[in-house]
Each structure stands twice: as C-alpha cells, then as structure tokens.
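Written out below as structure tokens is the structure these notes cover.
Numbering (the working numbering), first residue to last: 97 to 283.
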C-alpha cells in the first residue's frame, strides 16, 4: 500500500534533527522566525540579551577569522547548541539553549545545526550593530538640524524646531496658571 497522504521528504529534511511530533518549545529554545510570538519567547529574550552583551567584543574583532572565532566562543560560552545528551526524556534541553525552527511542510520542530546556529548568531549581531549605528546616526542628524536651524542667517524664530510648539504651549500654560493664582490672591 502506497502512502499518498505524506509528501516525500526532501534531501534537506533528511538531514534535519526533528523533535517529536507533539513537541512544544521550552524556555531554553531559541525560536527561529519572525513576529511577536517569536520575539517575546523566553529563549529569544535570553538570546537578545546575549547578543547585546557581546556587541562590543564583536566590534573590536578586526578580521573575518576573529569574528568567526568570536561567534563560536559566544555560542560555546552560553551553552547554545547542545547535543542530545543534554536533553531530558521529553526532548527539552536541560542546561543549554538551542536553536529550533518549525518546518511547516512536516508540521514539526527541528534543531538547527551548529553551522546554522553560527549563522543565526552572526546575523543577529550584525543586525544589532547596524540598527544601533543607524539610530546613533539618526540622533546625530537630528541634533545637527536643530543646531543649523538655531544658527541660520535668517535668525532663529523656533518655527522649524520640533520642540518649539510644545515649549511655547508649556510656557503659555505656566503663564496662565500664574495669572490665575495672582488674580485669586488679589481678590
């Protein structure tokens, strides 16, 4: 009898280390995927902290080899990517973090290889560096615009300052409350 319900696994699926069909990710799993569910998962918040803690070390590495060694060291020091020896009887990792991903075709979670985990860690660090650099650049550009508006040859009237309206409103509110207090005191 030929099983026509299940698709034939691809060569890539044969190499994957699948977890049991009924497996639910634990707090020690780093879920690979996008969206709120993934980013708020306990293992992913731990992963984000590990990335933040190691940004400066990675920035200091100058060669590709140093960066590769740095990522391997981060994975090793934080017990990321554990072997099956480190699992309990339910397939949950005991004292380590591991990268898992859901295969929608098989409707099953699988463990990423050491190479895939290394790529994920490298990518996360590069993204964090890029986003921190962009936010620093945006803040600097904003400060430069404010300085140039204030020192323009036309004269600073505040109309281009993003905080000008808010500051003026606060000033009017303070002035009106002082006026009301003095009116009450005089009557």
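No residue lacks a Cβ here, since even glycine has one placed at the ideal position from N, Cα and C. Keep in mind the model is a prediction, meaning the values are calculated, not measured.
What do you get for residue 122, buried or exposed, if any count of 16 or more other CB atoms within 10 angstroms of its CB means buried?
buried
Taking the alpha helix (DSSP H) that residue 125 belongs to, which residues open and close that run?
Where residue 125 is concerned, there is no enclosing alpha helix (DSSP H), although the beta strand (DSSP E) it sits in stretches over 125-128.
Smallest Cα separation from residue 129: which of 172, 198 and 157?
198
Hey, would you say residue 195 sits closer than 8 Å to residue 216, going by beta carbons?
yes
Based on Cα-Cα distance, which residue from 223, 172 and 214 lies nearest to residue 192?
172
On the premise that residue 127 lies in contact with residue 119, defined as a C-beta separation below 8 Å, what is that separation, rounded to the nearest angstrom?
Between residue 127 and residue 119 the Cβ distance is about 12 Å, and since that is not below 8 Å, they are no contact.
At what residues does the beta strand (DSSP E) containing residue 203 begin and finish?
Premise fails: residue 203 is in no beta strand (DSSP E) and is neither H nor E.
Which residue marks the beginning of the alpha helix (DSSP H) containing residue 155, and which one marks its end?
151-156
Starting from residue 169 and walking both ways along the alpha helix (DSSP H), at which residues does that stretch end?
160-173
For a test of the three-state rule: what should DSSP assign to residue 138, helix, strand or coil?
helix
Quick one: Cα of residue 117 to Cα of residue 223, how far?
Per the coordinates, the alpha-carbon of residue 117 lies some 32 Å from the alpha-carbon of residue 223.
Could you give the distance in angstroms between the alpha-carbon of residue 169 and the alpha-carbon of residue 218?
12 Å
Could you please give me the residues that DSSP links to residue 197 through a beta bridge?
Looking at the DSSP output, residue 197 shares a beta bridge with 128 and 206.
Please name the residue, chosen from 148, 233 and 136, that lies closest to residue 221 on a Cα-to-Cα basis.
148
Go ahead and pull the three-state DSSP assignment for residue 260.
If DSSP states are grouped into helix, strand and coil, residue 260 belongs with the helices.
Measure the C-alpha to C-alpha separation of residue 239 and residue 211 and round it to an integer number of angstroms.
Straight-line Cα distance between these residues: approximately 42 Å.
In chain order, what residues of the same chain lie with their CB nearer than 6 Å to the CB of residue 167, ignoring the 5 residues before and after it?
214, 217 and 218
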